[in-house]
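J.:
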Amino acid sequence: MKIPGPWSLLLLLLLALAWLSLAPRRDESPPLINGAGASFPYPLYARWFAAYERLDPTARFNYQAIGSGGGQQQLLHQTVDFGASDSPMRRTLLEAAPGKILHVPMIAGADVLAYNLPGSPPLHLTPAIIAEIFLGRIHDWNDPRLARINPETPLPPLPLVVVHRSDGSGTTYIFTDYLSKVSPEWSRIAGRGTAVRWPTGIGAKGNEGVAGQIRSLPGAIGYLELAFAVQNRIAYAAVQNLSGNFILPSPESVTQALTSSTLDRDDFRISIANAEGPRAYPIAGLTWLLLYEKPSDRRKAQKLLAFVRWCLTDGQALASSLDYAPLPPRLRERVLASLPEIQ
Amino acid sequence: MRRRERHAGAFRALRTQRDQTVNDHPSDPLSIAHSAAPGAGSLTASAGFGSLLDGGFRILIAGAGLSVFALAGLLGWELYRGAEKALSRYGVGFLTGSHWDPVAGRFGALPFLYGTFVSSTIALLLAFPLSVATALSLTEFAPFWIRRPVRALVDLMAAVPSVVWGLWAMFEMVPWLRQAAFPFLQRAFGWIPLFQGPIYGVSLLAGALIIAMMITPIITSLAIEILRAVPPMLREAAWALGATRWEVIRVAVLPYVRSALVGAGVLGLGRALGETMAVTMVIGNRPEILLSLFAPGYTLASVLVNEFAEATSEEHLAALFEIGLTLVAVTLVVNFLARLLIHNIPFFFAPRTLRTQPMEGER
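Below, the structure is given as structure tokens:
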């Protein structure tokens with residue numbers, strides 16, 4: 125076979141160009157609405173985009189789950205139409221933005237305390253003990269403090285190993301937000317953030333990394349996102365809430381936490397950790413879409429707002445099917461009322 | 636030389652095509668080129684279309700060459716610009732500080748530097764002898780029918796993506812280390828502080844082991860190429876003097892390739908320093924300097940991949956940029972030292988007869 129030389133290649137190229145220029149042009153193709161940010165709600169967002177594109181074929185979405193920090197940066201530089209974040213934006217960043225940025229809560233998530241003990245016995249934990257564990261002050265599972273609140277569970281004499289996320293993450297933010305609220309000492313030593321300086325333990329990357337470490341290391345304890353733990357059938361502990369009840373995490377108990385949280389701020393940058401309410405699970409947090417109040421592209425903004433409204437009404441049903449906690453009706457209405465009108 | 640003739644031929648062919656209205660090989664100028672006398676007609680002397688092409692080609696090639704400088708400069712500049720804030724704020728303290736606290740905004744990179752150096756060094760110490768031995772056995776000892784399949788396997792292993800190594804290490808290697816290997820090491824060498832302390836499985840040593848496994852195929856592959864480049868004359872001469880196999884290798888083969896082998900090791904080390912995914916999955920990610928190799932550690936590359944996506948504050952981002960800058964600097968320094976080593980080793984160690992012809996261009 126003869127190898128085609130440069131002239132026939134050139135001819136092919138010309139033909140291809142001609143064909144491309146003749147191909148029907150789609151001038152009326154809908155604009156692509158770009159977003160970037162948190163990876164924690166990404167499975168739900170992907171489901172929402174797909175479902176909404178079926179309802180309104182003129183809306184097309186592209187979302188990059190690059191992390192909350194990346195989402196905030198890209199929104200600040202206006203390279204995306206919306207951001208998504210598991211932690212509220214800092215005041216300094218909000219002030220640096222070219223326009224007012226709205227925090228729109230979409231759903232709530234929770235962290236569970238997963239552990240590896242032989243036989244996976246049920247485990248109860250109190251806020252004080254959780255703080256002690258993650259401050260590195262409980263070294264063995266048969267510690268009297270653990271035994272006192274788990275009288276009917278035989279705890280083995282295993283060394284207790286803390287596993288935490290090594291990558292910055294919204295899951296870590298929710299957990300450290302909770303610890304900062306229940307333990308002044310934690311708040312002084314480590315504080316809240318997507319990445320903190322852990323007093324003890326080993327770091328693993330991603331929910332799957334933490335889960336892998338916990339699974340393979342008897343005596344390990346760590347925090348995981350609720351949806352991940354439920355879908356992977358990992359044993360997790362019941363946590364004592366403000367009312368003194370031990371609550372197992374579930375979408376319902378997280379929604380309970382939302383219902384009883386005080387919503388005294390207008391911009392929804394609220395923390396729902398350690399919420400009141402007898403059935404509320406305490407280690408929970410919101411995840412937000414970040415939008416400009418007055419975006420430059422009106423047409424895209426209208427489509428985006430219509431999508432957000434749909435997510436907060438019909439879309440919420442999809443959330444619980446993926447083990448995320450939907451927003452309670454009262455909060456939903458307040459959020460919907462706060463959305464800007466763009467003509 | 637042959638390539639040059641071909642070019643000359645190709646240009647001639649283009650011109651011939653322009654001149655002749657009839658050509659029976661419109662798509663294959665090379666076939667005409669062979670009919671033309673090679674070397675006839677110089678490129679610079681040709682006028683018109685040919686010289687235009689010549690000039691264009693020269694500019695194109697020069698641009699490609701210069702783009703390396705442009706890319707390196709851009710990379711350095713961008714890293715510097717990103718890290719400027721951290722550089723001016725922490726200064727040298729960044730490299731000597733051992734606290735990494737994104738919440739409080741205190742950043743010190745010493746634990747990461749330590750982890751990177753220790754894990755890479757251990758990995759190289761483990762991988763280099765193994766690789767050279769493998770290469771020697773494949774070029775000097777192994778029966779011929781086995782050489783090619785093993786060679787192919789080695790190349791295949793070099794192509795396995797980092798994250799696949801990491802997954803295997805996390806689910807297979809680390810549990811084995813925790814249950815069998817580390818307790819054994821502790822029993823045998825527990826009197827050395829390096830092997831004391833609690834065993835979690837994920838550790839600096841686990842990171843070093845996975846790096847060693849990843850760079851072994853690369854160094855082996857390079858070493859095989861290097862050993863095959865040894866002139867047969869050297870071996871034959873040694874055989875003729877009545878040398879045993881071991882003496883042939885020691886006297887004829889190794890001195891000739893020593894510097895090139897070091898170069899192969901340095902390439903492996905370069906990969907080891909920058910290795911990210913697999914290491915992150917098994918090293919334990921704890922920014923703390925602990926003497927025990929069983930304790931979790933952290934590397935420069937790991938902290939970048941872990942924290943970059945979620946870094947929201949400016950100081951944190953700047954500190955991460957400075958980590959990137961540090962990593963580039965470390966790699967450059969190591970490469971530079973290795974180059975010094977490569978150029979000096981033959982002078983220091985090689986037998987007198989071989990000093991005159993150091994291996995060039997092997998890296």
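If you read the protein sequences in the order shown, they are chains Y and Z. Quick note on this note's numbering: the first sequence kicks off at 125 and runs consecutively. Quick note on this note's numbering: the second sequence kicks off at 636 and runs consecutively. All residues carry an ideal CB built from backbone N, CA and C; glycine is no exception. Since this is a predicted model, take the numbers as computed values, not measurements.
Could you name the residues of the same chain whose beta carbon sits closer than 8 Å to that of residue 946 of chain Z, not counting the 5 residues immediately before and after it, in chain order?
T.: 737, 952, 955
J.: With a threshold of 8 Å between beta carbons, is residue 647 of chain Z in contact with chain Y?
T.: With a pLDDT of 48 at residue 647 of chain Z, under the threshold of 50, the modelled position of that residue is not reliable, and the figure given next carries that caveat. Judged by the 8 Å Cβ criterion, residue 647 of chain Z is not in contact with chain Y.
J.: Where does residue 285 of chain Y fall in DSSP's three states?
T.: If DSSP states are grouped into helix, strand and coil, residue 285 of chain Y belongs with the strands.
J.: So what does DSSP say about residue 664 of chain Z, is it helix, strand or coil?
T.: Residue confidence is low: residue 664 of chain Z scores 45 on pLDDT, short of 50, so the model does not pin down where it sits. Its coordinate-derived value is still stated next. Three-state result, residue 664 of chain Z: helix.
J.: Give the list of continuous beta strand (DSSP E) stretches no shorter than 3 residues that lie fully inside the stretch 250-324 of chain Y.
T.: Complete beta strand (DSSP E) runs here, min 3: 285-289.
J.: Answer with buried or exposed for residue 913 of chain Z, where buried requires no fewer than 16 other C-beta atoms within 10 angstroms of its C-beta.
T.: buried
J.: As a quick exercise: from Y:217, Y:342, Y:332, Y:192, pick the residue whose alpha carbon is nearest that of residue 352 of chain Y.
T.: Y:332
J.: Just the Cα atoms here: how many angstroms apart are residue 752 of chain Z and residue 905 of chain Z?
T.: 11 Å
J.: Mind listing which residues of the stretch 307-328 of chain Y have their C-beta closer than 8 Å to chain Z's C-betas, in chain order?
T.: 314, 315, 316, 317, 318, 319, 320, 321, 322, 325, 326, 327, 328
J.: Would you identify the three-state DSSP class for residue 650 of chain Z, choosing helix, strand or coil?
T.: Residue placement at residue 650 of chain Z is flagged as unreliable, the pLDDT there being 47, under the threshold of 50; the coordinate-derived value follows with that caveat. Here residue 650 of chain Z sits in helix by DSSP.
J.: Mapping DSSP to helix, strand and coil, what is residue 734 of chain Z?
T.: coil
J.: Looking only at its own chain, which residues have a Cβ that is under 8 Å from the Cβ of residue 806 of chain Z, when we skip the five neighbours before and after it?
T.: none
J.: When every heavy atom of the ligand ADP is checked, does at least one fall within less than 7 Å of the C-beta of residue 427 of chain Y?
T.: As far as ligands go, the structure on display features none, and thus does not contain the ligand ADP.
J.: So which residues on chain Z does residue 214 of chain Y lean against when the C-beta distance must stay under 7 Å?
T.: 947, 948
J.: Output the boundary residues of the alpha helix (DSSP H) element that contains residue 827 of chain Z.
T.: Note, residue 827 of chain Z: premise wrong, no alpha helix (DSSP H); not H, not E.
J.: I'd like the list of long-range same chain contacts for residue 397 of chain Y, defined as Cβ closer than 6 Å, with 5 residues on each side in sequence excluded.
T.: Answer for residue 397 of chain Y: 301, 302, 305, listed in chain order.
J.: Closest Cβ-Cβ distance between residue 188 of chain Y and chain Z: below 8 Å?
T.: Interface criterion not met: the Cβ of residue 188 of chain Y is under 8 Å from no Cβ in chain Z.
J.: Looking at the structure shown, is residue 421 of chain Y part of a helix, part of a strand, or coil, going by DSSP?
T.: Coil.
J.: Is the Cβ of residue 264 of chain Y closer than 8 Å to any Cβ of chain Z?
T.: no
J.: I need the straight-line Cα distance from residue 660 of chain Z to residue 134 of chain Y, nearest angstrom please.
T.: A caution first: residue 660 of chain Z carries a pLDDT of 45, below 50, which makes its placement in the model too unreliable to give a value.
J.: Residue 460 of chain Y: which of Y:440, Y:447, Y:446 sits nearest, CA to CA?
T.: Y:440
J.: Is DSSP giving residue 426 of chain Y helix, strand or coil here?
T.: helix
J.: Provide the residue span of the alpha helix (DSSP H) that contains residue 845 of chain Z, from first to last.
T.: 839-863
J.: Could you tell me which whole beta strand (DSSP E) segments of length 3 or greater appear in the stretch 361-391 of chain Y?
T.: 362-364
J.: Do we get a CB-CB distance below 8 Å when we pair residue 235 of chain Y with the residues of chain Z?
T.: no
J.: Alpha carbons only, please: which of Y:192, Y:136, Y:257 is nearest the one belonging to residue 159 of chain Y?
T.: Y:192
J.: Quick one, are the C-beta atoms of residue 359 of chain Y and residue 244 of chain Y less than 8 Å apart?
T.: Taking 8 Å as the Cβ cut-off, residue 359 of chain Y and residue 244 of chain Y qualify as a contacting pair.
J.: Could you spell out where the alpha helix (DSSP H) holding residue 789 of chain Z opens and where it closes?
T.: Its alpha helix (DSSP H) spans residues 779-793.
J.: If you count every other CB in all the chains shown that lies within 10 Å of the CB of residue 447 of chain Y, and 16 or more means buried, which is it?
T.: buried
J.: Quick one: Cα of residue 915 of chain Z to Cα of residue 198 of chain Y, how far?
T.: 26 Å
J.: Using Cβ-Cβ distances below 7 Å, what residues of the stretch 767-801 of chain Z are close to chain Y?
T.: So nothing in the stretch comes that close.
J.: Spatial neighbours of residue 179 of chain Y within its chain, please: CB distance less than 8 Å, with the 5 preceding and 5 following residues excluded, ordered by chain position.
T.: 434
J.: Could you tell me whether the stretch 325-341 of chain Y touches the stretch 205-216 of chain Y, using the rule of 3 or more Cβ pairs below 8 Å?
T.: no
J.: Given residue 408 of chain Y, which residues of its chain have a CB within under 6 Å of its CB, disregarding the five upstream and five downstream residues?
T.: 232, 234, 378, 381, 396
J.: Run through DSSP, which three-state label would residue 749 of chain Z get?
T.: helix
J.: For residue 207 of chain Y, tell me which candidate among Y:425, Y:414, Y:226, Y:247 has the shortest Cα-Cα distance.
T.: Y:414
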